[in-house]
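*Asks:* Once you know that position 82 of the sequence shown is 101 in the working numbering, the rest is easy, because the numbers rise by one and skip nothing. One structure follows; several queries about it will come next.
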Amino acid sequence: MVNQKFSFLFMLLLTILISSSIQSFANSNNLGLETDELRIIKLGDHTYQHISYLQTESWGKVPCNGMIVIDNGEALIFDTPADNKSSRLLIEHLINNGVKIIGIVPTHFHEDCVGGLNEFKKAEIPIYISNRTLAILEKDNQYIGYEFLTFDNELTLNIADNAVKLEYHGAGHTIDNVIAYFEKDESIFGGCLVKELNASKGNLADADVSEWSKTVTNVKANHPNAKVIIPGHGKAGGIELLDYTIELFEGGE
């Protein structure tokens, strides 16, 4: 009886230690990746930038950014990689490293944000999306059968004991563009609403250039101490990316 009790306690302790080790590995290990289809770069204690590539007629092969927040063995992803192949690679990479993906958030309706949604659907990962984005996607029959968790202007997603805030500050690159703010790292995923330093205005097909500068000014006013800002394309930086974008679109076109 004593031996059985000892064996039970030993196995319980071993299970706890293994679980703790997996979570510790997922948190402390640099989950960086470098392939032809997908790159993952660590930018903060819990903040990563994922980079995939979209082939376009007007701009050629375009590197596209997203953000990953990882905490206590869980992950939230902002924008899918550009296609299903790179999205599948991202999902498998995280799962194989002991990370549970608890949500994906497309920040607007363009292909560089939603191009890999099918892989997240197949993996039964919750998809959070703004009602503005959903209204646009509903016009496309390929998203029939998807279960979207929707919000209007704000939504707080919890990861471990911390929060990521999804916020709509106004139109800019598109009518529906939202940002994500992770307070623990003071990191922002601005998506295509935010430009890298020295970038051009880029694709304006669905833009509201008269509101763009004002919208980014609102972002800065709400998060003046942001340390890491990831744009939709190009190199991440700090608050200077917001300042550059505001100046770029002052006065509209």
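Glycine included, each C-beta is placed from N, C-alpha and C at the ideal position.
1. Within a Cβ cutoff of 6 Å, which residues of the same chain sit near Arg151, ignoring the five residues on either side of it in sequence?
2. Would you mind working out which of Ile146, Gly51, Glu173 sits nearest Ile123, comparing C-alpha positions?
3. Taking 7 Å as the limit between beta carbons, can you name the residues of its chain near Gly189, skipping five residues before and five after?
4. Report, in whole angstroms, the separation of the C-beta atoms of Tyr72 and Ala101, which I expect to be a contact under 8 Å.
5. By a C-beta neighbour count over all protein chains shown, 10 Å radius and 16 as the cutoff for buried, is Ser219 buried or exposed?
6. For Gly253, collect the residues of the same chain with a Cβ closer than 7 Å to its Cβ; drop the 5 residues on either side in sequence, then sort them by chain order.
7. Relative to the alpha-carbon of His129, which residue among Val118, Asn116, Ile155 has its alpha-carbon at the smallest distance?
8. Mind checking Pro250: buried by the 16 CB within 10 Å criterion, or exposed?
9. Please name the residue, chosen from Leu50, Glu205, Ala199, Gly271, that lies closest to Leu109 on a Cα-to-Cα basis.
10. Which residues in the same chain have their Cβ closer than 8 Å to the Cβ of Glu173, if we skip the five residues on either side of it in sequence?
11. The beta strand (DSSP E) with Ile325 in it runs from where to where?
12. What did DSSP end up calling Leu109 once you bin it into helix, strand or coil?
13. Kindly indicate the opening and closing residues of the alpha helix (DSSP H) around Glu241.
14. Please report how far the alpha carbon of Asn244 lies from the alpha carbon of Tyr263, in whole angstroms.
15. Buried or exposed for Leu57, going by 16 or more other Cβ atoms inside 10 Å?
16. Note the first and the last residue of the continuous alpha helix (DSSP H) segment covering Asp131.
17. According to the Cβ coordinates, are Ile148 and Leu168 closer than 9 Å?
18. Sort out for me which residues DSSP pairs Thr66 with in a bridge.
19. Helix or strand or just coil, what does DSSP make of Thr264?
20. Go through its chain and collect everything with a Cβ distance to Leu261's Cβ below 7 Å, but skip five positions before and after it.
21. Looking at the structure shown, is Ile60 part of a helix, part of a strand, or coil, going by DSSP?
*Replies:* Taking the coordinates as given:
1. Along the sequence shown, one-based indexing puts residue 151 at 132. Closer than 6 Å at the Cβ level, and outside the excluded window around Arg151, lie Asp195.
2. Locating residue 123 in the sequence shown gives position 104, counting from the first residue. It is Ile146 whose Cα lies nearest to the Cα of Ile123.
3. Here the question's residue 189 lines up with position 170 in the sequence shown. Glu230, Lys233, Thr234, Asn237.
4. Numbered from 1 along the sequence shown, position 53 holds the residue referred to as residue 72. Numbered from 1 along the sequence shown, position 82 holds the residue referred to as residue 101. Rounded, the Cβ-Cβ distance is 6 Å, consistent with contact.
5. Translated into the one-based positions of the sequence shown, residue 219 becomes position 200. In the assembly as shown, Ser219 is an exposed residue. Its beta-carbon has fewer than 16 other beta-carbons within 10 Å.
6. As a first step, residue 253 must be located in the sequence shown, where it is residue number 234. These residues qualify, in order along the chain: Glu215, Ala218.
7. Taking the sequence shown and counting its residues from 1, one reaches residue 129 at position 110. The option with the nearest alpha carbon to His129 is Ile155.
8. Along the sequence shown, one-based indexing puts residue 250 at 231. Of the residues assessed, Pro250 falls on the buried side of the cut-off, its CB having 16 or more other CB atoms within 10 angstroms.
9. By one-based count along the sequence shown, residue 109 stands at place 90. Nearest to Leu109 by alpha-carbon distance, out of Leu50, Glu205, Ala199, Gly271, is Leu50.
10. Your numbering for residue 173 matches position 154 in the sequence shown. Lys184, Leu185, Glu186, Tyr187.
11. Outside the shown range of the chain, which is 20 to 272, sits residue 325, and nothing can be said about it.
12. The residue given as residue 109 occupies position 90 in the sequence shown. In the structure shown, Leu109 sits in a helix (DSSP, three-state: H, G or I).
13. Here residue 241 refers to the residue found at position 222 when the sequence shown is read from its first residue. According to the sequence displayed, residue 241 carries Asn and not Glu. Where Asn241 is concerned, the enclosing alpha helix (DSSP H) stretches over 228–241.
14. Counting from 1 along the sequence shown, the entry for residue 244 is found at position 225. Counting from 1 along the sequence shown, the entry for residue 263 is found at position 244. Asn244 and Tyr263 have their C-alpha atoms some 16 Å from each other.
15. Walking along the sequence shown from the start, residue 57 turns up at place 38. By the neighbour-count rule (16 or more Cβ atoms within 10 Å), Leu57 is buried.
16. Residue mapping note: residue 131 aligns to position 112 of the sequence shown, counting from 1. Annotation for Asp131: the continuous alpha helix (DSSP H) segment containing it runs 130–133.
17. Within the sequence shown, numbered from 1, the residue matching residue 148 stands at position 129. Within the sequence shown, numbered from 1, the residue matching residue 168 stands at position 149. With respect to Leu168, Ile148 sits close: the two C-beta atoms are nearer than 9 Å.
18. As a first step, residue 66 must be located in the sequence shown, where it is residue number 47. In DSSP, Thr66 forms a bridge with Val88.
19. Here residue 264 refers to the residue found at position 245 when the sequence shown is read from its first residue. DSSP places Thr264 in helix when its eight states are reduced to three.
20. Residue numbering aside, residue 261 sits at position 242 when the sequence shown is read from its first letter. Excluding five sequence positions before and after Leu261, the CB atoms of its chain that fall closer than 7 Å to its own CB belong to Val213, Val235, Val238, Lys239, Ile248, given in chain order.
21. Taking the sequence shown and counting its residues from 1, the one referred to as residue 60 is at position 41. Of the three classes helix, strand and coil, the one that applies to Ile60 here is strand, per DSSP.
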